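Shown next, in structure tokens, is the structure this report addresses.
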Amino acid sequence: MENELQLAADELIVSKTDLQGTITYCNRVFMRITGYSAADVLGRPHTVIRHPGMPRGVFRHMWETIEQGNEYYGFVKNRTSGNDAYWCFSVVTPDYDSKGRRRGYFAVQRRARREAIASITPIYDQMLAVERRCPKAEAPAASLRWLRDHLAEQDTEYEPFIIMLQRGETI
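Residue numbers for the sequence shown follow the working numbering, beginning at 10 and rising by one.
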């Protein structure tokens, strides 16, 4: 049975990746929460902490957003080295070199509000159901399309909805 860990209100998990999502930096909070040492994760894909209960469509949206040079905001359920889970409110930002060329991504994760997790979980469950009904290669796009349609029915889009949840606001 998986335990769920929770970040303290003042804790920030920080990581950096290259353009392909390979971890190039992680802070001490990352290591303490995940149970991985820097040696365990540096040079490995960030997916090493991906929880299987996360819809792939969420990550499709993240990659589309950051590859366009925009910041991504989202709720992410991650997995520790001991297979426990932890939820975060994540902000992923493109990282640029001194010549303005994108060289990777910078992620800061903080504690997600419990009410936000309660609101996003059934949405993620529905996205996972969509993904299970599709061929693997089509699943991320299909669940992301479902998410966008679902939010459009509520007259909102992804980023405003996510930020509203983290702030404790309602539609």
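All C-beta atoms, glycine included, are put in the ideal place defined by N, C-alpha and C. All values derive from a computational prediction rather than experimental measurement.
- Residues of the same chain with a CB within less than 8 Å of the CB of V38, apart from the 5 flanking positions on each side, are L16, E20, L21, I22, V23 in chain order.
- Here A94 has E11, N12, E13, L14, H60, G62, K86, N87, R88 as same chain residues with Cβ atoms under 8 Å from its own Cβ, once five neighbours each way along the sequence are excluded.
- In the structure shown, A127 falls within a helical segment according to DSSP collapsed to helix, strand and coil.
- Taking I75 as reference, the option from Q175, E166, D104 with the minimal CA-CA separation is D104.
- Residue burial is scored here from C-beta neighbours: I172 has fewer than 16 other C-beta atoms within 10 angstroms and is therefore classed as exposed.
- Apart from sequence neighbours up to five positions away, the residues of its chain that approach I132 with a beta-carbon distance below 8 Å are L156, H159, ordered along the chain.
- Contact annotation, T31 with P54: C-beta distance approximately 6 Å; criterion of less than 8 Å satisfied.
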